[in-house]
Structures are given as C-alpha cells and as structure tokens.
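A.B. asks: Pasting a structure below so you can have a look.
In full-length UniProt numbering, the protein residues as written are 1 to 139.
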C-alpha cells in the first residue's frame with residue numbers, strides 16, 4: 001500500500017534547522033509562558049465580568065421592550081466573542097510552547113523556512129512566515 005503524501009510538506013525543500021542554545025530556548029519558553037499566564041488571567045477576568053453582567057441583566061430585565069432585549073443580546077454576544085478571542089490566543093501560545101518542545105518553533109509550518117526573528121518578536125506564536133501568511137490572508 002502506498003504511503004499517503006503529506007500535502008503540507010510535498011515539494012518542500014529540506015531546510016537544515018539551526019539549533020538554539022538552552023538559554024535561548026528557556027528565554028523563549030519563559031516569555032511564552034508569561035504571555036499564556038497573562039492571557040489566562042485576562043480570560044478569567046472577562047468570564048467573571050460576563051457572569052456578573054449577566055446576573056445584573058437578569059435582575060434588571062423587567063419591563064424591557066424588544067429593543068432593550070436586542071441590545072442586551074448584542075452586548076452579551078460581543079462579550080462572549082471577546083472571551084473566545086482571548087481563548088484562541090491562549091491556544092496559539094500553548095501551540096507555540098508545544099512547537100518549542102518539539103523543535104519546530106520558529107519554522108514555517110507550510111514551507112519549512114525560518115520565520116524572521118522580527119516576526120516572532122512581534123507575534124511570538126506565529127506558525128507561518130510572512131510570505132505564507134500573506135498567501136493565507138489573500139484566500
């Protein structure tokens with residue numbers, strides 16, 4: 001039976017991956033862990049605020065007309081969307097930590113080329129190089 005082809009790596013030139021020193025890896029790990037902890041605290045705070053606002057809305061909904069109800073629903077959806085966005089960023093940072101452990105951190109998942117240090121400094125959980133990210137955004 002033929003081995004299935006991984007379309008993400010098909011046609012990709014093998015790139016020799018440079019190894020980081022243990023100190024560099026630990027510095028990156030500490031920065032990512034700190035960012036994860038910061039986002040987790042922000043997520044917990046957001047959930048707490050949503051819960052409190054929801055409690056307030058339930059006790060203050062007597063006499064609401066359709067416009068009031070619609071406004072409250074819209075605001076709740078916005079708050080939940082914000083919480084989901086924070087949760088997604090936490091997931092991205094956790095994935096970056098996994099890639100760091102696996103040795104794939106700093107390398108594009110699509111083309112295998114190194115992700116520029118400047119991009120990683122601005123967006124530490126980046127998984128694509130600038131070129132591949134631009135291609136993805138055009139789709």
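All C-beta atoms in this analysis are idealised placements derived from N, C-alpha and C, irrespective of residue type, glycine included. All values derive from a computational prediction rather than experimental measurement.
Can at least three beta-carbon pairs, one atom from the stretch 27-41 and one from the stretch 70-78, be found at a separation below 8 Å?
C.D. replies: No, the stretch 27-41 does not touch the stretch 70-78.
A.B. asks: With distances taken from CA atoms, which of 46, 136, 114, 68 is nearest residue 83?
C.D. replies: Residue 46 is the option with its Cα nearest to residue 83.
A.B. asks: Can you tell me where the alpha helix (DSSP H) with residue 50 in it begins and where it stops?
C.D. replies: Residues 22-59.
A.B. asks: Quick one: is residue 33 buried, meaning 16 or more other Cβ sit within 10 Å of its Cβ, or exposed?
C.D. replies: The residue in question, residue 33, is exposed, as its Cβ has fewer than 16 Cβ neighbours within 10 Å.
A.B. asks: Could you say if the stretch 40-58 and the stretch 98-116 meet the contact criterion of at least three C-beta pairs nearer than 8 Å?
C.D. replies: No, the stretch 40-58 is not in contact with the stretch 98-116.
A.B. asks: Got a sec? Which residues, its chain only, sit under 7 Å from residue 99 by beta carbon, not counting five neighbours each side?
C.D. replies: Cβ within range, chain order: 105.
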